[in-house]
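Colleague: Residue numbers (this note's numbering): 2 to 359. Glycine included, each C-beta is placed from N, C-alpha and C at the ideal position. Structure in structure tokens, see below.
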């Protein structure tokens, strides 16, 4: 089903293994047991939407690993953010974190991701499927939202909406392409120089910042130390519901499991086998396992991009540090807004000068 405002469309030529429609998520219904869903890398989605003149919460296509390909029957504008695919548009390279005009009939091809896990194809006007409970996101666990509550398939057609009336002229379909530098912390290679092995090493673990959880004190001192000191492997059983990690089993002091309690994306639960599970966007809204920690909101994108069978490690931070990290992310997005405004003003001045010269 689609919205009544759909104006264009995208043809899915090759869907890839796990592509779905996602926006910033479904909020305000957790008390009814409805999961948040939405893009796992919200920073990439918000940047991509800005690059094509959309509102930050517009729906896009979340592409996991690839390969994938899409055809655009009408002229539009696109941006690919998140992981790097080495994409091409009718054979011409398309760079991630760029705003790119697309002519009617062109085909976008995305090979397998070079690094990271997920990319976002943002299209001018957004993906205009029917909203459900205030969101167009696909809840793959509960099978609703998005396109029939499922992953995309070869041959699907996705409607796109009209761009916002106040969208900058520099992101119109015919305007020149432009790009921006990805945020410095969006390096999917490991970013922790303090623990870097001598020379470059493939097992260099990605640091993920964490706040201690409500049941942290119920774990043994040895388990607490192991939680912070050890590297944790992202196992192949990880998905949009949760990232299952493998490492040293974390033992508690003999207390029984708790009654069910509220959980959120980023909550780190430890079941009876002692192997942590980081809950993600499609996870349930309550759980009974002890919560040893919680990934800070500003680092959830790291898990979205963490490759299977590669290590991560947890870094303890304070609530103040978590807020500062989120403030830095918001400041980066404001800088993008200002940069696009300045580019649009320069474009308007150039057009006015040409008109005066004529």
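Bridge partners of residue 93, per DSSP?
Modeller: The partner list for residue 93 (beta bridge, DSSP) reads 90.
Colleague: Could I get the ranges of all uninterrupted beta strand (DSSP E) runs contained in the stretch 208 to 280, with 3 residues as the minimum, in chain order?
Modeller: Qualifying beta strand (DSSP E) stretches, in chain order: 233 to 235, 243 to 247, 268 to 270 and 278 to 280.
Colleague: Could you give the distance in angstroms between the alpha-carbon of residue 218 and the alpha-carbon of residue 236?
Modeller: Taking the straight line from one Cα to the other gives about 26 Å.
Colleague: Excluding sequence positions up to five away, which residues of its chain have a Cβ less than 8 Å from the Cβ of residue 150?
Modeller: Cβ within range, chain order: 139, 140, 141, 143 and 144.
Colleague: Take residue 87 as the anchor and find which of 342, 281, 115 and 303 has the nearest alpha-carbon.
Modeller: Of 342, 281, 115 and 303, the residue nearest in Cα terms is 115.
Colleague: Of all the options 53, 242 and 118, which has the alpha carbon lying nearest to the alpha carbon of residue 169?
Modeller: Checked all of 53, 242 and 118; the closest Cα to residue 169 is 53.
Colleague: For residue 152, name the three-state secondary structure that DSSP assigns.
Modeller: Of the three classes helix, strand and coil, the one that applies to residue 152 here is coil, per DSSP.
Colleague: Hey, how far is the Cα of residue 297 from the Cα of residue 323?
Modeller: Computed Cα separation, rounded: 6 Å.
Colleague: Are the stretch 25 to 38 and the stretch 86 to 103 touching, with three or more C-beta to C-beta distances below 8 Å?
Modeller: Too few Cβ pairs lie closer than 8 Å, so no.
Colleague: By alpha-carbon positions, which one of 264, 26 and 76 ends up nearest to residue 44?
Modeller: Among 264, 26 and 76, the Cα nearest to that of residue 44 belongs to 26.
Colleague: DSSP three-state call for residue 133: helix, strand or coil?
Modeller: Note: residue 133 maps to strand in three-state DSSP.
Colleague: Exposed or buried, what is residue 349 when buried is set at 16 or more other beta-carbons lying within 10 Å of its beta-carbon?
Modeller: Under this definition residue 349 is an exposed residue.
Colleague: I believe residue 284 touches residue 264 by the beta-carbon criterion, under 8 Å. Please report the beta-carbon distance rounded to the nearest angstrom.
Modeller: Confirmed, about 7 Å.
Colleague: Could you pull the DSSP bridge partners for residue 140 from this structure?
Modeller: In the DSSP output, where bridge partners are listed per residue, residue 140 has 145.
Colleague: To which residues does DSSP link residue 80 through a beta bridge?
Modeller: For residue 80, which the question treats as bridged, DSSP gives the partners 100 and 123.
Colleague: Kindly indicate the opening and closing residues of the alpha helix (DSSP H) around residue 128.
Modeller: Per DSSP, residue 128 belongs to no alpha helix (DSSP H) and is neither H nor E.
Colleague: For my contact list, residue 109 and residue 79 are in at a C-beta cut-off of 8 Å; report their separation, rounded to the angstrom.
Modeller: Contact flag correct, Cβ pair sits at about 7 Å.
Colleague: Considering only the beta carbon of each residue, do residue 302 and residue 42 sit closer than 7 Å?
Modeller: Taking 7 Å as the Cβ cut-off, residue 302 and residue 42 qualify as a contacting pair.
Colleague: Are there 16 or more other CB atoms within 10 angstroms of the CB of residue 11, so buried, or fewer, so exposed?
Modeller: Residue 11 comes out buried.
Colleague: Would you mind sorting residue 167 into buried or exposed? The rule is 16 or more other CB atoms within 10 Å of its CB.
Modeller: Classification of residue 167: exposed, given that the 10 Å Cβ count is below 16.
Colleague: Apart from the five residues just before and just after residue 57, which ones in its own chain have a Cβ nearer than 6 Å to its Cβ?
Modeller: Here the set comprises 47 and 50.
Colleague: Which residue from 290, 28 and 230 puts its Cα closest to that of residue 280?
Modeller: Residue 290 is the option with its Cα nearest to residue 280.
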